[in-house]
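A.B. asks: Submitted below is the structure of interest, expressed as structure tokens.
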Amino acid sequence: MAEYPKNIGAQASGDLALRRMFCNFMAAAAFICLARSEDNVEVQLQSYLNMRKHVKDFDAGYEDCISTLDGASRDDIRTKLSTLLVFDFEGAAQATFPPLELEWLITTAFNHGVDLYCNDESELSKKWIVHAFTLAHYHQDGGDLEALLQERYTKLKWDA
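The structure is reproduced here in structure tokens:
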């Protein structure tokens, strides 16, 4: 993609940027699959490293593209970014993220979601709580924190 001429026009340039982001998304997804299925730790870590490079490249193009997209495309790109951030976290977690700091991050995200819930910001609240669940899933405590958060989540009363 770097071989395209620089003067291809705004529309073609925008399309090329989106294509580059899509390629980075697909490459990151492929590398995460390889890393998850690999038994050799060194090869697994290399796959995570390659995945994180593609996440970084996707993120670099995100700010340039997001303002030019319509609602559905913008939502799709944001969803892809949030997926990649989970992948990126998984890749970073392979470098043994300190458990106490991870627990703090999880509880802070969950509590922020509850604060938003108390302020009647249900949609944003759910997003923060889902992020907390995702992080808790990767916390290596035998699922205790995730179960506790699930229990607390069920006590919240959501409007239909």
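One gets the numbering used here by counting positions in the sequence shown from 1 and adding 22 to each.
C-beta: ideal position from N, C-alpha, C; glycine also.
1. One question on the structure: do residue 147 and residue 181 come within less than 8 angstroms of each other, judged by their Cβ atoms?
2. Out of 84, 89 and 128, point me to the one whose CA is closest to residue 160's CA.
3. Work out the CA separation of residue 56 and residue 62 for me, nearest whole Å.
4. Kindly list the residues whose CB is nearer than 8 angstroms to the CB of residue 80, restricted to its own chain and excluding five residues on each side of it in sequence; keep chain order.
5. What number of angstroms, rounded off, separates the C-alpha of residue 58 from the C-alpha of residue 37?
6. Decide yes or no for the touch test of the segment 121-138 against the segment 161-170: beta carbon pairs closer than 8 angstroms, at least 3 of them.
7. Please state the DSSP three-state secondary structure of residue 97.
8. Give every residue of the same chain whose Cβ lies closer than 7 angstroms to the Cβ of residue 88, excluding the five residues on either side of it in the sequence, and list them in chain order.
9. Is the beta carbon of residue 53 closer than 8 angstroms to that of residue 76?
10. Give, in chain order, every unbroken run of the alpha helix (DSSP H) that is at least 4 residues long and sits entirely within the segment 37-98.
11. Rounded to a whole number of angstroms, what is the C-alpha to C-alpha distance between residue 33 and residue 84?
12. For residue 41 and residue 78, what's the separation of their Cα atoms in angstroms?
13. Look at the alpha carbon of residue 157 and the alpha carbon of residue 68, and state the distance between them as a whole number of angstroms.
14. Taking the alpha-carbon of residue 179 as reference, which of 152, 139, 28 and 167 has the nearest alpha-carbon?
15. Considering only the beta carbon of each residue, do residue 151 and residue 135 sit closer than 8 angstroms?
C.D. replies: Once the coordinates are examined:
1. no
2. 128
3. 11 angstroms
4. 43, 46, 47, 50, 102, 103 and 106
5. 32 angstroms
6. yes
7. helix
8. 96 and 99
9. yes
10. 63-88
11. 16 angstroms
12. 15 angstroms
13. 22 angstroms
14. 139
15. yes
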